[in-house]
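> Residue numbers (the working numbering): 287 to 564.
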Ligand code: NDP
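(1) Does the Cβ of residue 527 lie closer than 7 Å to at least one heavy atom of the ligand NDP?
(2) Under 7 Å: does the beta carbon of residue 484 sit that close to some heavy atom of the ligand NDP?
(3) Where residue 304 and residue 453 are concerned, what is the direct C-alpha to C-alpha distance, given to the nearest angstrom?
(4) Could you give the DSSP three-state label for residue 342: helix, strand or coil?
(5) Beta-carbon within less than 7 Å of residue 421's beta-carbon, same chain only, minus the 5 sequence neighbours each way: which residues are those?
(6) Go through its chain and collect everything with a Cβ distance to residue 373's Cβ below 7 Å, but skip five positions before and after it.
(7) Curious, which full-length beta strand (DSSP E) runs of at least 3 residues does the region 314 to 374 contain?
(8) Just curious, the alpha helix (DSSP H) that residue 471 is in, first and last residue?
(9) Buried or exposed for residue 497, going by 16 or more other Cβ atoms inside 10 Å?
(10) Looking at C-alpha atoms only, which residue of 343, 456, 355, 416 is the closest neighbour of residue 444?
(11) Please confirm whether residue 525 and residue 481 have their CB atoms less than 8 Å apart.
(12) Pull up the CB-CB distance for residue 491 and residue 473, whole angstroms please, since I reckon it's below 8 Å.
(13) Just to confirm the assignment, what range does the beta strand (DSSP E) spanning residue 451 have?
(14) Take the Cβ of residue 489 as the centre, count every other Cβ of all protein chains shown within 10 Å, and call the residue buried at 16 or more, exposed below.
(15) Residue 396 by DSSP, collapsed to three states: which one?
(16) Quick check for students: name the residue ranges of the alpha helix (DSSP H) that lie wholly in the region 511 to 548, counting only runs of 4 or more.
(17) Would you list the residues sitting across from residue 311 in a DSSP beta bridge?
(18) Taking the continuous beta strand (DSSP E) assigned at residue 446, which residues delimit it?
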């Protein structure tokens, strides 16, 4: 298998590392299907896999990378510290346990999955991630589902900003305020549920743009994310969609088309509210 497909651009992170802008997400991929589905993605050319302890399929992601015959450095792996592992010592133990399941010596990116403000332990957890990076167990550290106040607090209390914030982001939830905060802090935006789990794909405005380019609405949405500079990792267990979602580099949306998609924002979440979840 080729080491690095040339079609996927990388995004520069503040800590000097680079992340492939398009990856493959495995949330809700059942463990018994994960090796086959992830292997299919790697064969298609994806070189970035987004998993989490909470997805219960880290071991199978590791197996798929080895089954693909790829060198460890040719695949970018993200995993996440879940809500029951907040706290300094627990977070450190959690990454060790993830690495054991993955059968890897390090991950590329380790994230705090949710801030869980009700526990108020995310600053302590963030300090543990800073140490884990210094120990070489993860190349980069970031957060997920952090709101502006959570980001500002970890920066104020530790002096270390995350390289990414992975947030729910799609045409119906565009989060302009949080994206501006990311730009100010030089934090890369990772968009989870980039297709709104399919909920945006029948939107007439997206269908019309897709017809104009001879592509699908899903490809239009992914292309829109890429042109905004977001990192995305759509999930699919369907071979034709795994291929379709990777084939988004052969067309470009016009400024008017980007504006038309921007006008679809409804501030509508499909996932939990980060201020109360956990
Ligand atoms: P997505 O927006 O990626 O949508 C996935 C759904 O859309 C699946 O039902 C899939 O169906 C379907 N689908 C995929 N591609 C197409 C297509 N081309 N045309 C039509 N339907 C399609 O949602 P996810 O919630 O999975 O988000 C992606 C990734 O983001 C996750 O896998 C995970 O890595 C991450 N994530 C992170 C969260 C966090 O809290 N940090 C929360 C949620 C997700 P099928 O599989 O049947 O083909």
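Ideal Cβ placement from N, Cα and C applies to all residues, glycine included. Computed from a prediction, not measured in an experiment: that's the story for all the values here.
So, to answer that:
(1) Yes.
(2) Checking the Cβ of residue 484 against the ligand NDP gives yes.
(3) Taking the straight line from one Cα to the other gives about 19 Å.
(4) In this structure, DSSP gives residue 342 a state outside helix and strand, which the three-state scheme calls coil.
(5) The beta carbon of residue 421 lies closer than 7 Å to none in the same chain, with the five residues before and after it left out.
(6) Exclusion of the five residues before and after residue 373 leaves 407, 410, 411 as the residues of its chain whose Cβ lies within less than 7 Å of its Cβ.
(7) 334 to 336, 362 to 367, all fully within the region 314 to 374.
(8) Its alpha helix (DSSP H) spans residues 462 to 471.
(9) With fewer than 16 Cβ atoms within 10 Å of its Cβ, residue 497 is classed as exposed.
(10) The shortest Cα separation from residue 444 among 343, 456, 355, 416 belongs to 416.
(11) Residue 525 is not a Cβ neighbour of residue 481, given a cutoff of 8 Å.
(12) With a beta-carbon spacing of about 29 Å, residue 491 and residue 473 fall beyond the 8 Å limit used to define contacts.
(13) Annotation: the continuous beta strand (DSSP E) that includes residue 451 extends over 450 to 454.
(14) So residue 489 counts as buried.
(15) It is a strand residue.
(16) Look at the region 511 to 548 and you find these whole runs of alpha helix (DSSP H), each 4 residues long or longer: 525 to 532, 541 to 548.
(17) For residue 311, which the question treats as bridged, DSSP gives the partners 336.
(18) Segment: none, residue 446 is in no beta strand (DSSP E) and carries neither H nor E.
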